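Below: one structure, written as structure tokens.
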Amino acid sequence: MPLAKLREYLEGHNVDYSLIRHPLTFTAQTTAQAAHISGTDLAKTVMVKVDGRMSMAVLPASLHVDFDQLTEALGAQAVLLSIEGDFKDIFAGCEVGAMPPFGNLYGLEVFVEESLTRDEEIAFNAGSHTELMKMRYADYAQLVQPTVVRFAHQPA
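For what it's worth, this note's numbering labels the leading residue of the sequence shown as 2, then goes sequentially.
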């Protein structure tokens, strides 16, 4: 979703947000550094397949998805990392890897790591590798209605 459409969606729901521009980055941790945001406050979107259904896992940039834990938490048979070819056409107008965590706008289930819910505000990619949006987590949760589960761990 291009930035303009995301802004229109948020404004249409009377949600306050701020835009943060930063140098070109391609990983969540380098984006957090470039934008001077803690890796715990930057929400990254990881595309996964839950029993074959495309879904979003949203977690702090400082953590990694624990696929076994997510599978168990969801009562699924299998949760697998999706490859770019599986989802690039779903997010027309977004740069691959910079999808905002608004799966509800694309008919996708969204799973949020429990630790992210403790943040007053979250920042996330706004469709490009040079722009973030920052908003209250409570507003995000109200709009997206994600399933909250514990599924992440610190990298080794």
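All C-beta atoms, glycine included, are put in the ideal place defined by N, C-alpha and C. Remember, predicted model here, so these are calculated numbers, not experimental data.
Rounded to the nearest angstrom, how far is the Cβ of residue 83 from that of residue 55, given a contact under 8 Å?
Taking the first residue of the sequence shown as position 1, residue 83 is located at position 82. Taking the first residue of the sequence shown as position 1, residue 55 is located at position 54. The Cβ separation is near 6 Å, so the contact holds.
Return yes when the Cβ of residue 149 is within less than 8 Å of the Cβ of residue 113, no when it is not.
Walking along the sequence shown from the start, residue 113 turns up at place 112. Walking along the sequence shown from the start, residue 149 turns up at place 148. Cβ distance < 8 Å, so residue 113 and residue 149 count as in contact.
Taking the DSSP output, what are the residues bridged to residue 18?
Taking the sequence shown and counting its residues from 1, the one referred to as residue 18 is at position 17. Here residue 18 is bridged, per DSSP, to 136.
Could you give the C-beta distance for residue 43 and residue 152, rounded to a whole number, given that I count them as a contact under 8 Å?
Here residue 43 refers to the residue found at position 42 when the sequence shown is read from its first residue. Here residue 152 refers to the residue found at position 151 when the sequence shown is read from its first residue. Taking a contact as a CB-CB distance under 8 Å, the pair residue 43 and residue 152 does not count as one, their CB atoms being some 17 Å apart.
Any 3 or more C-beta pairs closer than 8 Å across the segment 86-93 and the segment 28-43:
No: fewer than three Cβ pairs fall under 8 Å.
Taking its Cβ as the centre, do 16 or more other Cβ atoms sit within 10 Å of residue 15, making it buried, or is it exposed?
Here residue 15 is taken as the residue at index 14 of the sequence shown, counted from 1. Label assigned to residue 15: exposed.
Cβ neighbour criterion (16 or more within 10 Å) applied to residue 47:
The residue given as residue 47 occupies position 46 in the sequence shown. Under the 10 Å beta carbon count, residue 47 is surrounded by 16 or more other beta carbons and is classified as buried.
Leaving aside the five residues before and after residue 7 along the sequence, list all residues of the same chain whose C-beta is less than 8 Å from its C-beta, in chain order.
In the sequence shown, the residue the question calls residue 7 occupies position 6. For residue 7, where only same-chain residues beyond five positions count, the Cβ hits under 8 Å are 101, 103, 127, 128, 134.
Find the nearest neighbour of residue 37 within the set 27, 50, 28, 21, judged by alpha-carbon distance.
To locate residue 37, count along the sequence shown from 1; it is residue 36. Among 27, 50, 28, 21, the Cα nearest to that of residue 37 belongs to 21.
When we look at the beta-carbon of residue 58 and count the other beta-carbons within 10 Å, is it buried (16 or more) or exposed?
Against the sequence shown, residue 58 aligns to sequence position 57. Looking at its Cβ environment, which holds 16 or more other Cβ atoms inside 10 Å, residue 58 is buried.
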